[in-house]
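Right, one structure below, let's go through it.
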Amino acid sequence: MNKTRIVLFGFAAISLIFMAAIGSKKNIPPAKQKQGVRKIVIDPGHGGSDYGASGKYSHEKDVSLAVALKLEAEIKKQMPDVEVYMTRTTDVFDHVRIKADKANAAKGDLFISIHCNDAPPNRHSELIGYKTVKYKKGKKWKTKEVPQYKTYSTPSPAKGTETYIWGVDKNDDKERALRENESIYSDSAAKEDLSDDKDQIIAISLRMQQYAERSRNLAFTVQDEFVKVGRVSRDARQRAVGIWVLQAVAMPAILVELGFISNPEEEAYLNSESGQKELSESISRAVKRYKTTIEAKISGNSGSK
Ligand SMILES: [Zn+2]
Numbered sequence: 003m004n005k006t007r008i009v010l011f012g013f014a015a016i017s018l019i020f021m022a023a024i025g026s027k028k029n030i031p032p033a034k035q036k037q038g039v040r041k042i043v044i045d046p047g048h049g050g051s052d053y054g055a056s057g058k059y060s061h062e063k064d065v066s067l068a069v070a071l072k073l074e075a076e077i078k079k080q081m082p083d084v085e086v087y088m089t090r091t092t093d094v095f096d097h098v099r100i101k102a103d104k105a106n107a108a109k110g111d112l113f114i115s116i117h118c119n120d121a122p123p124n125r126h127s128e129l130i131g132y133k134t135v136k137y138k139k140g141k142k143w144k145t146k147e148v149p150q151y152k153t154y155s156t157p158s159p160a161k162g163t164e165t166y167i168w169g170v171d172k173n174d175d176k177e178r179a180l181r182e183n184e185s186i187y188s189d190s191a192a193k194e195d196l197s198d199d200k201d202q203i204i205a206i207s208l209r210m211q212q213y214a215e216r217s218r219n220l221a222f223t224v225q226d227e228f229v230k231v232g233r234v235s236r237d238a239r240q241r242a243v244g245i246w247v248l249q250a251v252a253m254p255a256i257l258v259e260l261g262f263i264s265n266p267e268e269e270a271y272l273n274s275e276s277g278q279k280e281l282s283e284s285i286s287r288a289v290k291r292y293k294t295t296i297e298a299k300i301s302g303n304s305g306s307k
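Oh and the sequence shown: position 180 is 182 in this note's numbering, straight run, nothing missing.
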């Protein structure tokens, strides 16, 4: 996978465009600041007939659910004022579109999708000898030595954690999700279509940028907490495929790849009680830091950390 770091570029460009737009207009409503982090949606990846990635003896759908349930318990313990909504608590399949709808209907302030990574095995071939082969040249038979190989595969050594946010190129989709869920956030009782209201369009765009910023901050914080407990960090990234749900939910959103189920050492860790505990506690600590920072900002306290 390429080592694309998060690109701040797109956001900077968008910010400039909107700052220019704001400069030309008055009375633009600020991006609605919600009251911190009150409800967190946890999405255990895959489920039911969708196994996700598989290791030697375990499946992603089961590991993601086990860690998600531990994360739910840990968040409730560490942040009693936070409500947790799970997109699934059992081994069932829902299309990601349904999961996104559930998250939006739950009116979450934050969306955390839990997954495991997977890398294809490495293929090797080893010379095991030569075989004498006859062939015809003109009217004469000749022989030649042909090398013989044995091919085999070994698990990819890829390991470590990654946390994703949606790609910059998906900002339009994220904005659409925010617009479609505007009634969730609107204080006004009027639920008419506001999509042509320029002030509203700008307000939603600003909120989208705020959500991107928050998601990025949380992604880096999660990786930071993983590193503290000795996990290999493959960075906070943006990715184009497989994370549709992140741009479909109208809230800050991250997708955590806990580790590589294709790596035997990590598969053992991902399935162990201690590994799952360490992973869920790390994510919970990151969420707590994120929550503290946001709530400090909202209350006008500059002492955020
Ligand atoms: Zn997955």
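Beta carbons are placed, not taken as given, at the ideal position from N, Cα and C, and that holds for glycine.
So what's ASP45 in DSSP terms, helix, strand or just coil? strand
Assigned secondary structure, VAL84 (DSSP; H/G/I helix, E/B strand, else coil): coil
From ILE167 to SER301, what distance separates their C-alpha atoms? 26 Å
Beta strand (DSSP E) runs wholly inside the segment 49 to 121, at least 3 long, in chain order: 85 to 88, 112 to 119
Within a Cβ cutoff of 7 Å, which residues of the same chain sit near ALA108, ignoring the five residues on either side of it in sequence? LYS41, VAL43, TYR87
Spell out the partners DSSP gives VAL148 in its beta bridges. LYS133
So is ARG239 buried or exposed if we call it buried at 16+ other beta carbons inside 10 Å? buried
Could you give the residue range of the beta strand (DSSP E) that holds GLY261? 255 to 262
Please report how far the alpha carbon of ASN273 lies from the alpha carbon of SER60, in whole angstroms. 8 Å
Given ILE245, which residues of its chain have a CB within under 7 Å of its CB, disregarding the five upstream and five downstream residues? TYR166, TRP168, LEU257
For TRP143, I'd like the list of residues in its chain whose CB is within less than 8 Å of its CB, leaving aside the five on either flank, ordered along the chain. LYS136, TYR137
Please report the straight-line C-alpha distance between GLY277 and ALA55, rounded to a whole angstrom. 18 Å
Do GLU269 and ligand 1 come close, with the Cβ less than 7 Å from some heavy atom? no
Reference VAL170; option with closest CA among ASP45, ARG218, ASP52: ARG218
Name the DSSP beta bridge partners of ILE203, please? Answer is none; ILE203 lacks a bridge partner.
Kindly indicate which residue of ARG216, THR145, ILE116 has the alpha-carbon position closest to the one of LYS299. ARG216
Enclosing alpha helix (DSSP H) for ILE300 [first to last residue]: 275 to 300
Count the CB pairs spanning the segment 279 to 296 and the segment 69 to 85 that are closer than 8 Å, and state whether there are at least three. yes
Going by beta-carbon coordinates alone, are GLY261 and GLY162 separated by less than 8 Å? yes
Classify ILE24: buried if its beta carbon has 16 or more other beta carbons within 10 angstroms, exposed otherwise. Only weak support is given to the placement of ILE24: the predicted model assigns it a pLDDT of 42, under 50, and the value that follows is read from those uncertain coordinates. Exposed is the call here.
Consult DSSP for LYS142 and reduce its assignment to one of helix, strand or coil. strand
How would you call PRO149, buried or exposed, if buried means at least 16 neighbouring beta carbons within 10 angstroms? exposed
Taking a contact to mean a Cβ-Cβ separation below 8 Å, would you say SER127 touches THR153 in this structure? yes
Closer than 6 Å between the C-beta and any heavy atom of ligand 1: which residues qualify, listed along the chain? GLY47, HIS48, GLY54, GLU62, HIS117
Determine the DSSP secondary structure at GLU182, reduced to helix, strand or coil. helix
Measure from the C-beta of VAL231 to each C-beta in chain C and report whether the shortest distance is under 8 Å. No chain C is part of this structure, which consists of one protein chain only.
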